[in-house]
Structures are given as structure tokens and as C-alpha cells.
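Scroll down for the structure; my scribbles are underneath it.
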DNA sequence: CTTAACCGGAGTTTGTAACTCCACTTAATT
DNA sequence: AATTAAGTGGAGTTACAAACTCCGGTTAAG
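Chains as they are written, first to last, in this note's numbering: chain A, 5 to 228; chain B, 5 to 228.
So this is what it looks like as C-alpha cells:
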């Protein structure tokens with residue numbers, strides 16, 4: 005893969021290529037932690053280069069974000085498709101939610117793109133449109149098989165996913181797995197019937213949370 | 005009630021008092037719609053006064069917010085206490101959640117304060133500390149009576165409330181009652197056991213949502 | 001009629017983030 | 001090793017937004 009940004013096919017100079025990689029790596033981390041509002045100055049600092057270098061390689065912030073999350077988004081789309089090959093439809097649905105959420109909860113930038121941020125481009129929107137139909141199949145199968153309550157629609161899952169991933173981002177720095185607790189609770193609410201709650205005890209809860217809740221809230225506004 | 009802001013007890017001039025009321029009324033609406041980031045210029049415009057007038061009456065933004073939400077927060081605290089007088093403990097818990105959420109979902113400013121915004125002061129934090137113990141009683145009662153799964157703690161409810169009210173704010177302008185749909189689902193996940201899901205059909209869903217979801221996301225960033 | 005309180009809103013201050021510019025450095029080619 | 005186009009850092013520019021001030025003109029109250 006001979007990466008280049010310019011109009012014509014001249015390979016980048018060795019140091020330039022090296023820096024491009026450093027920038028991409030740093031941006032991945034910075035946007036994952038701080039979300040898409042992170043400054044390109046922050047990215048540059050994290051990469052150990054000057055801002056100028058970032059702008060030489062990527063025309064603007066959107067371009068960098070586009071290059072960075074191209075994969076991430078249709079990785080999620082693929083998760084939905086491959087979940088659909090599992091034999092048990094409830095397991096498939098749960099597996100998909102866990103996989104998708106574990107990615108979005110750990111990566112604030114990805115969550116913001118999937119949730120539809122101002123930085124997302126047409127190219128990414130396209131991939132996002134591939135997610136909905138695939139999820140719809142998962143839902144319909146689980147409903148036909150009598151696992152999932154049948155008064156739910158695709159958008160319900162978009163919203164529930166949004167709620168959980170938002171929480172996931174807010175708590176990822178103090179209790180990275182806390183979101184699973186609420187996914188479990190919500191899944192218990194989505195099922196047609198059950199005689200007992202799913203196990204929750206092994207998931208993080210009170211101890212971490214009570215101290216953390218304050219810092220979560222404080223963390224909510226200005227980042228880093 | 006002879007309102008005044010100055011150090012010594014001189015009643016405000018008639019027009020000043022009138023404006024103070026206009027400002028408070030306007031601020032209530034503006035902060036409810038736009039959240040606490042709303043500009044005092046916006047408040048002034050909504051009140052039909054100049055910014056100067058706002059600043060003459062309230063030393064700064066925090067003071068205005070303080071004066072405005074003093075009640076709101078401990079109204080919620082009172083809800084918890086009065087829920088505790090209901091005979092059925094499950095109904096009490098559900099009633100409290102519905103009441104508290106219906107207030108926070110319709111009022112973005114209130115939600116931000118309860119969630120712990122930078123504008124909240126010690127005075128408000130104090131009231132918030134009154135909420136937690138009262139809710140704890142509700143929870144323990146519902147658990148003792150075998151309604152509520154017993155692996156839940158107070159902070160779980162704080163978090164679930166945060167998740168729902170956040171959604172409520174995001175969707176209040178297109179589907180004011182949508183949050184009830186997810187409260188219902190979550191309650192179905194909190195109950196010890198059930199043979200069927202609670203009724204969901206009469207709550208808003210697909211029709212409104214699919215169009216709205218986009219505008220919700222777009223609305224997420226810069227307001228108004 | 002006097003005057004202290006009040007009013008509006010243009011303007012100031014402060015802060016932030018995207019992005020540019022250019023003197024200097026360096027990889028690649030001859 | 002000389003040449004040079006490509007690349008680099010980071011101070012500086014531009015743009016914008018929001019909190020808050022200032023003051024010439026207005027008005028309620030005694």
C-alpha cells in the first residue's frame with residue numbers, strides 16, 4: 005500500500021511516510037479518548053510532530069477523521085452480517101450488541117461518528133446505512149423465534165445502543181466494563197419472558213461507582 | 005415576598021421588579037430548552053430586555069441559575085420522600101422514577117444540574133445528597149418485597165436515570181414521550197421475574213423515530 | 001421637578017480552535 | 001558532495017463565541 009495524499013502518484017518521502025503513520029496512530033488514541041472535538045494540536049502533540057506537519061498530510065480535520073474511521077464503521081456493519089450466520093438468533097443478537105458496544109464504548113470518536121457527528125462524511129454515512137438493514141434481520145429472526153418481544157423496532161436498538169455507549173464513554177476511564185451491567189439489565193427487559201434475572205453480580209457496580217460517579221460527572225464537560 | 009438582590013433591604017423599583025420576573029420566566033424556558041450553556045444574551049432576548057439588565061439583577065450566570073433551580077432540585081428530593089409513603093413498594097419506585105424523569109426530560113437545565121454540571125453550587129449539591137438516601141429506601145423496600153432484583157444498588161438508579169433523561173432531552177422536541185418507552189423496557193429488566201413484557205404499543209416508536217433520529221443526532225451538537 | 005435607580009445594547013475581554021506561513025532541515029537524486 | 005524539492009516545527013493569524021462592562025439616555029418615586 006503506497007500511501008500518498010497528493011494529486012499525482014509520487015510516493016512520500018521516507019520521513020513523511022513515517023510521520024503520517026505516527027499521526028494516524030496518535031489520532032486513533034486521541035480521538036478514542038477525547039472524542040472528535042479533540043484539537044489537531046493535541047493530535048500533533050501526541051504524535052510528536054508540529055501541527056503544520058499534520059496539515060501538510062491531511063487537508064483538514066475531516067479528512068483525518070475520514071481516513072481514521074473508514075474501517076471502524078463498516079467493521080460494525082460486518083459484525084451485524086456475521087452475527088446473522090449464527091444458529092441461535094438470540095445469541096446472535098446479544099453477540100452483535102456486545103461486539104458493537106465494546107467497540108463504541110472504548111472509542112468515543114467511533115461512537116460519535118455512529119451517532120452522527122458533524123464530522124462524518126458521505127462516505128461514512130454510506131457505511132452507516134449498511135448497519136440498519138443487517139440489524140433489522142437480527143431483530144426479526146429473534147422475534148420470529150420467540151426470544152425477543154415483538155413490539156420492538158430497529159430504531160429502538162439504535163437508541164438503546166446510543167444510551168449504553170454514551171454511558172460507556174463516560175465511565176470508560178474509571179470502570180471500563182460498567183456498561184455491560186446495563187446491557188444485561190436492558191437485555192432482561194427485551195426478552196419476552198423470564199423467570200429470574202440474568203447474573204449481574206460479577207459485573208462491576210457499587211464499590212467503584214459511588215466514588216467514581218462524581219468524577220464521571222465532572223469529566224462530562226471539558227475533557228482531558 | 006419582597007425580592008431584592010442588593011445588600012440592604014431596599015425594595016426594587018416597580019419596573020425593576022417587573023423585569024426581574026420577566027428574566028426569571030424567560031430563563032426558565034431558555035435553560036429548559038437549551039440547557040445551561042445557553043447564553044445570557046439569549047435569556048435577555050427571550051425576556052425582552054437588554055443583557056445589561058440581566059447583569060444588574062444577577063451578578064453572574066451562576067447566580068441566575070442558582071436562583072432558578074433552587075426549588076427544582078429539592079422538589080425531586082421530595083418526590084422520593086413522598087413516594088415512600090405509598091403502600092405498594094414497586095408502585096412507589098415506578099412512580100418516583102416517572103415523576104423525576106418527567107421533570108428532567110422536559111427540562112434540560114434541571115437534568116444537567118442533577119447530573120452535576122459546572123454551574124451547580126454547593127447549595128444544590130446539598131439538596132442532591134438528600135435524594136440518594138430517600139431513593140435508597142425505595143429500592144430496599146422494593147427488594148424486600150420481592151419485586152426488584154436484589155443485585156441492584158442506588159448508583160444503578162442514578163445511572164439509569166441519567167441514561168433515560170439524556171435521551172429524553174435529545175428527543176423532547178420531536179417525541180416528548182419517547183423516553184417512557186425505554187423506561188418501560190428497563191423496568192421490565194429490573195423486575196425479579198415476569199411472564200410477559202409490559203405493554204409498549206401505546207408508546208411512541210417507529211413512525212416518529214425513523215425520521216426524527218437523524219434530526220436528533222444533528223440537533224445533538226450546537227443548539228437552537 | 002429632581003434625582004437615584006434603571007435601562008439597552010454596543011463594545012470589551014477572554015478564550016479557543018482551525019488553519020497558515022516561512023525560515024530552517026533533510027531525504028533523495030545526480 | 002552538491003543540489004533541490006519535499007518536508008518540518010510552531011509561532012502567528014483568523015474567526016468566532018460567550019461572559020461581562022460601560023455609559024448616554026430613560027423613568028419611577030417622593
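The beta carbon of each residue, even a glycine, is placed where N, CA and C say it ideally should be. None of these values were measured; they are calculated from a predicted model.
Within-8 angstroms CB hit, residue i to chain A
{"i": "residue 209 of chain B", "result": "yes"}
{"i": "residue 139 of chain B", "result": "no"}
{"i": "residue 151 of chain B", "result": "no"}
{"i": "residue 227 of chain B", "result": "Per-residue confidence for residue 227 of chain B stands at a pLDDT of 40, beneath the threshold of 50, marking its modelled position as unreliable; the derived number appears in the next sentence. Closer than 8 angstroms: no."}
{"i": "residue 186 of chain B", "result": "yes"}
{"i": "residue 163 of chain B", "result": "yes"}
Under 8 angstroms by beta carbon: chain B residues contacting residue i
{"i": "residue 196 of chain A", "result": "200 and 201"}
{"i": "residue 170 of chain A", "result": "167 and 170"}
Presumed contact (8 angstroms Cβ cut-off) between residue i and residue j, rounded CB distance
{"i": "residue 78 of chain B", "j": "residue 142 of chain B", "result": "Between residue 142 of chain B and residue 78 of chain B the Cβ distance is about 17 angstroms, and since that is not below 8 angstroms, they are no contact."}
{"i": "residue 135 of chain B", "j": "residue 96 of chain B", "result": "With a Cβ gap of about 15 angstroms, residue 135 of chain B and residue 96 of chain B do not count as contacting."}
{"i": "residue 27 of chain B", "j": "residue 47 of chain B", "result": "7 angstroms"}
{"i": "residue 204 of chain B", "j": "residue 181 of chain B", "result": "Residue 204 of chain B to residue 181 of chain B, Cβ: 12 angstroms. No contact."}
{"i": "residue 209 of chain A", "j": "residue 160 of chain B", "result": "7 angstroms"}
{"i": "residue 171 of chain B", "j": "residue 186 of chain B", "result": "6 angstroms"}
N- and C-terminal bounds of the alpha helix (DSSP H) containing residue i
{"i": "residue 197 of chain A", "result": "Premise fails: residue 197 of chain A is in no alpha helix (DSSP H) and is neither H nor E."}
{"i": "residue 70 of chain B", "result": "65 to 87"}
{"i": "residue 159 of chain A", "result": "158 to 175"}
{"i": "residue 111 of chain B", "result": "Where residue 111 of chain B is concerned, there is no enclosing alpha helix (DSSP H), given that its DSSP letter is neither H nor E."}
{"i": "residue 57 of chain A", "result": "55 to 61"}
{"i": "residue 181 of chain B", "result": "Note, residue 181 of chain B: premise wrong, no alpha helix (DSSP H); not H, not E."}
{"i": "residue 34 of chain A", "result": "18 to 38"}
{"i": "residue 128 of chain B", "result": "126 to 148"}
{"i": "residue 119 of chain B", "result": "Unbroken run through residue 119 of chain B: none, as it is neither H nor E."}
{"i": "residue 49 of chain B", "result": "44 to 51"}
Where residue i meets chain B, residues with beta-carbon distance less than 7 angstroms
{"i": "residue 117 of chain A", "result": "Those within 7 angstroms of residue 117 of chain A in chain B number zero; the least Cβ separation is about 10 angstroms."}
{"i": "residue 143 of chain A", "result": "The premise fails here: residue 143 of chain A is roughly 12 angstroms from chain B at the closest Cβ pair, so nothing lies under 7 angstroms."}
{"i": "residue 97 of chain A", "result": "By Cβ distance, chain B contributes nothing, its closest Cβ being about 15 angstroms from residue 97 of chain A, past 7 angstroms."}
Residue i at chain B interface by Cβ criterion, 8 angstroms
{"i": "residue 112 of chain A", "result": "no"}
{"i": "residue 160 of chain A", "result": "yes"}
{"i": "residue 6 of chain A", "result": "For residue 6 of chain A, the predicted structure reports a pLDDT of 42, less than 50, and the residue's modelled location is therefore unreliable. The matter cannot be settled from this model."}
Chain-ordered chain A contacts of residue i [CB-CB under 8 angstroms]
{"i": "residue 190 of chain B", "result": "189, 190 and 193"}
For residue i, the nearest candidate out of the options (CA to CA)
{"i": "residue 119 of chain A", "options": "A:173, A:144, A:67 and A:68", "result": "A:173"}
{"i": "residue 76 of chain A", "options": "A:108, A:100, A:196 and A:183", "result": "A:108"}
{"i": "residue 36 of chain B", "options": "B:17, B:69, B:57 and B:18", "result": "B:69"}
{"i": "residue 61 of chain A", "options": "A:23, A:14 and A:52", "result": "A:23"}
{"i": "residue 195 of chain B", "options": "B:209, B:150 and B:163", "result": "B:150"}
{"i": "residue 41 of chain A", "options": "A:123, A:80, A:146 and A:183", "result": "A:123"}
{"i": "residue 116 of chain A", "options": "A:183, A:179, A:182 and A:166", "result": "A:166"}
{"i": "residue 133 of chain B", "options": "B:162, B:206, B:189 and B:170", "result": "B:162"}
{"i": "residue 121 of chain B", "options": "B:158, B:32 and B:39", "result": "B:39"}
{"i": "residue 74 of chain A", "options": "A:128, A:86 and A:175", "result": "A:128"}
{"i": "residue 100 of chain B", "options": "B:113, B:112 and B:86", "result": "B:86"}
Per-residue contacts from residue i into chain B (C-beta, under 9 angstroms)
{"i": "residue 205 of chain A", "result": "155"}
Cβ-heavy atom distance, residue i to the ligand COA, below 7 angstroms
{"i": "residue 130 of chain B", "result": "As for the ligand COA, it is missing from this structure, which has no ligand bound."}
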